[in-house]
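According to my numbering, the residues represented by the sequence shown are 20 to 684, in order. We put the beta carbon where it would ideally sit given N, CA and C, even for glycine. Since we're looking at a predicted model, the values are computed, not measured. Since the structure comes first, as structure tokens, the remarks are kept for the end.
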Amino acid sequence: MEHVQIQCKDVLLEESDVARALVEYANQVMIEVLVVGSSSKGGFLRFNKPIDIPGAITKTAPDFCTVYAITKGKLSTKKTASRAAPSVSPLRIQLQQNGLKPHPPLPSATTNTRAERQSFESQHRRSLDDQSDSFRPPYNKRGLTGRSYGELSIPDSEISFNSSGRPSIERNSPSLYDNSDPNRTPPRLSNFSDVDYCSFESMTFGRRSMDLSSPTAFSTGSFENERFSSASQGGDDVEAEMRRLKLELKQTMEMYSTACKEALTAKHKATELQRWKLAEERKFEEAKLAEEAALAIAEKEKAKSKAAMEAAEAAQRIADIESRKRVDAETKALKESEARTKAVNALAKDVRYRKYSIEEIEDATEFFDDKYKIGEGSYGPVYKCYLDHTPVAVKALRPDAAQGRSQFQKEVEVLCSIRHPNMVLLLGACPECGCLVYEFMANGSLEDRLFRQGDSPALSWQTRFRIAAEIGTVLLFLHQTKPEPLVHRDLKPANILLDRNFVSKLADVGLARLVPPSVANTVTQYHMTSTAGTFCYIDPEYQQTGMLGVKSDIYSLGIMFLQLITGKPPMGLTHYVERALEKGNLKDLLDPAVSDWPVEDTTEFAKLALKCAEIRRKDRPDLSKVILPELNRLRVLAEESTQAAVVINSSGPTPTESQTSSPKL
Numbered sequence: 020m021e022h023v024q025i026q027c028k029d030v031l032l033e034e035s036d037v038a039r040a041l042v043e044y045a046n047q048v049m050i051e052v053l054v055v056g057s058s059s060k061g062g063f064l065r066f067n068k069p070i071d072i073p074g075a076i077t078k079t080a081p082d083f084c085t086v087y088a089i090t091k092g093k094l095s096t097k098k099t100a101s102r103a104a105p106s107v108s109p110l111r112i113q114l115q116q117n118g119l120k121p122h123p124p125l126p127s128a129t130t131n132t133r134a135e136r137q138s139f140e141s142q143h144r145r146s147l148d149d150q151s152d153s154f155r156p157p158y159n160k161r162g163l164t165g166r167s168y169g170e171l172s173i174p175d176s177e178i179s180f181n182s183s184g185r186p187s188i189e190r191n192s193p194s195l196y197d198n199s200d201p202n203r204t205p206p207r208l209s210n211f212s213d214v215d216y217c218s219f220e221s222m223t224f225g226r227r228s229m230d231l232s233s234p235t236a237f238s239t240g241s242f243e244n245e246r247f248s249s250a251s252q253g254g255d256d257v258e259a260e261m262r263r264l265k266l267e268l269k270q271t272m273e274m275y276s277t278a279c280k281e282a283l284t285a286k287h288k289a290t291e292l293q294r295w296k297l298a299e300e301r302k303f304e305e306a307k308l309a310e311e312a313a314l315a316i317a318e319k320e321k322a323k324s325k326a327a328m329e330a331a332e333a334a335q336r337i338a339d340i341e342s343r344k345r346v347d348a349e350t351k352a353l354k355e356s357e358a359r360t361k362a363v364n365a366l367a368k369d370v371r372y373r374k375y376s377i378e379e380i381e382d383a384t385e386f387f388d389d390k391y392k393i394g395e396g397s398y399g400p401v402y403k404c405y406l407d408h409t410p411v412a413v414k415a416l417r418p419d420a421a422q423g424r425s426q427f428q429k430e431v432e433v434l435c436s437i438r439h440p441n442m443v444l445l446l447g448a449c450p451e452c453g454c455l456v457y458e459f460m461a462n463g464s465l466e467d468r469l470f471r472q473g474d475s476p477a478l479s480w481q482t483r484f485r486i487a488a489e490i491g492t493v494l495l496f497l498h499q500t501k502p503e504p505l506v507h508r509d510l511k512p513a514n515i516l517l518d519r520n521f522v523s524k525l526a527d528v529g530l531a532r533l534v535p536p537s538v539a540n541t542v543t544q545y546h547m548t549s550t551a552g553t554f555c556y557i558d559p560e561y562q563q564t565g566m567l568g569v570k571s572d573i574y575s576l577g578i579m580f581l582q583l584i585t586g587k588p589p590m591g592l593t594h595y596v597e598r599a600l601e602k603g604n605l606k607d608l609l610d611p612a613v614s615d616w617p618v619e620d621t622t623e624f625a626k627l628a629l630k631c632a633e634i635r636r637k638d639r640p641d642l643s644k645v646i647l648p649e650l651n652r653l654r655v656l657a658e659e660s661t662q663a664a665v666v667i668n669s670s671g672p673t674p675t676e677s678q679t680s681s682p683k684l
């Protein structure tokens, strides 16, 4: 292949941006044709992604310059000039004034010898030294950055001589001494197989220093002979320098390879250390979680153990309580049995009462048939029957009555020990079935008469006042019983029985309680563990505090007195009477079945009843000093009124009797 004889001149440019340096140089020198080499894209270059210098030059070259990019001896890119270059260039004039002579023609490839090449290289070296003091080899001086040659990055290049004896450079990186990126990894050397070369036009470019490793290539038609002769003279030096550079490059690459291996080893060690650290942290976290889980399980087991112990203690306490209850029940049953035996023996020995057998009671009541039933109380049902040809009332104990047996014994004891004209008479008893035999009360209870059960006639006001006085008398008798006072605790109209002459008698004393005399006379209170009585008649203080006293019966007496004059149920009765007294229309609240109520006396009686029904026990009047004297006065008034009515009915009314009688409503 025939090579074109071209005279070349080498120009060294120093610039961090190679493409920009070449474009600026082309603008100043007015280069019309520019040929640049493009490196092949090897694996290492593809990995490091080098800057595309030919592409950058092609894009930014002046419009009067035609650019050729050569890759592996073939044209890869071409940019055609759009206009002609200016005829005059200041830099060309400067080159002409320097008096540079053209180089001799380059020898052909077939006749080139080593001597000629050495002559060409020595001439080229001397020419470079004469042209500018700024030309200095990069291998014996430090660059602007102050770094030595060993510190500079080594480009991936191959330096050889072609057949014409001209040095050619294959480049795969921007610059041998480019320090624009100090962190770049030095590229590997290529195998010097492919040779790409560039033609430069040599001159001083006004840079701070020139870089021999720059890939910039220029082509020009002037000074070729002179440049060729200088290059021939310095060829041997360049070759020797290149060998030295190759050796240094090899050493540098070996050092770089060693450093890379050490870095890779350190990286592997760091990775292993990090992996070991993560594994240890994971083990630590797992151990921590296991410890926390173990602690949680231990806490749960501890809580379960504590709960089990508490449950065992609770079960033990319950067992102890049940055991005590069983012992108490056995003791109570034993005491009741002893008390029953004692009561039976006492009744058997008491000549004042007759002991009836259960057969006699069942025969008289026909096995407690409902047709003989005349009432129902808290103790049990009441039957009317005949015993010894005498009408009697039999009060039978209910089997399910909790306090029935004790109430039976209490009533037997009370009625056996005391007697009063206004208390029911106990004729006999049957301890086996818990039956009490009383005298029969023909007119039933006061409650039946007040509410006119069976269309019975209404009680006159005289009878009502007399009944009130009789109840007060028998109640005082109980409160003054010796050696200990008795509190009835269940005073109500249903427990006031009326005989054929409407004489009242107190019944159902089974709930009566003995109160110590000191308490009855002074404190008037005695603590009870449980309250007894009927709602609306129970003392509020006794119901709240359990403190029992003789004035507990006074409250029940006051409620019953209000029912005597109004004939109404006990619920809210005190409030209604108070309102009526305040408004002065008490007559509207009185029992309408009685038409001749005495105005003044009935009003006084109502006020006395309200005082007896005070909420606080200390506000209630004394039975013997206040209540009973007033009741006796009203009873005398009622007897006088009754006698006067009898006289009037027998002899007719007289003006004198009409004027002296009590005013009526």
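Residue i (DSSP reduced to helix, strand or coil)
i	result
residue 360	helix
residue 435	helix
residue 394	strand
residue 404	strand
residue 503	coil
residue 85	strand
residue 70	coil
residue 559	helix
residue 457	strand
residue 321	helix
residue 52	strand
residue 90	strand
residue 464	strand
residue 566	strand
residue 254	helix
heavy atom of the ligand MN below 7 Å from residue i C-beta
i	result
residue 93	This structure lacks the ligand MN; in fact it carries no ligand of any kind.
For residue i, the first and last residue of its enclosing alpha helix (DSSP H)
i	result
residue 452	Taken as a continuous stretch (DSSP letters only), residue 452 belongs to no alpha helix (DSSP H), as it is neither H nor E.
residue 646	From DSSP, residue 646 is part of no alpha helix (DSSP H); its letter is neither H nor E.
residue 575	571–585
residue 472	No alpha helix (DSSP H) contains residue 472, which DSSP labels as neither H nor E.
residue 30	From DSSP, residue 30 is part of no alpha helix (DSSP H); its letter is neither H nor E.
residue 485	480–498
Separation of residue j from residue i, as counted between CA atoms
i	j	result
residue 503	residue 635	24 Å
residue 476	residue 637	39 Å
residue 398	residue 321	56 Å
residue 544	residue 569	Note that residue 544 has pLDDT 44, beneath the 50 cutoff, so the model's placement of it is unreliable and no number is given.
residue 382	residue 648	48 Å
residue 576	residue 516	15 Å
residue 187	residue 254	Any reading at residue 187 must be qualified, since the residue scores a pLDDT of 40, below 50, and its modelled position is unreliable; the value itself is stated next. Roughly 12 Å between the two C-alpha positions.
residue 560	residue 428	27 Å
residue 481	residue 457	27 Å
residue 72	residue 303	55 Å
residue 641	residue 630	10 Å
residue 29	residue 283	41 Å
residue 260	residue 31	16 Å
residue 289	residue 44	49 Å
residue 275	residue 100	44 Å
Selection from the options that minimises the alpha carbon distance to residue i
i	options	result
residue 85	97, 75, 74	97
residue 627	596, 607, 45, 613	596
residue 509	555, 468, 486, 521	555
residue 495	425, 573, 380, 435	573
residue 40	57, 79, 52, 51	79
residue 511	566, 524, 505, 499	524
Test item: CB-CB of residue i and residue j under 8 Å
i	j	result
residue 462	residue 518	yes
residue 657	residue 470	no
residue 491	residue 650	yes
residue 412	residue 403	yes
residue 607	residue 599	yes
residue 522	residue 430	no
residue 359	residue 418	no
residue 465	residue 486	yes
Unbroken beta strand (DSSP E) run spanning residue i, endpoints
i	result
residue 409	409–415
residue 621	Taken as a continuous stretch (DSSP letters only), residue 621 belongs to no beta strand (DSSP E), being part of the alpha helix (DSSP H) at 618–631.
residue 94	93–98
residue 524	523–525
residue 516	515–517
Cβ of residue i within 8 Å of any chain D Cβ
i	result
residue 629	Any reference to chain D falls outside this structure, which holds one protein chain only.
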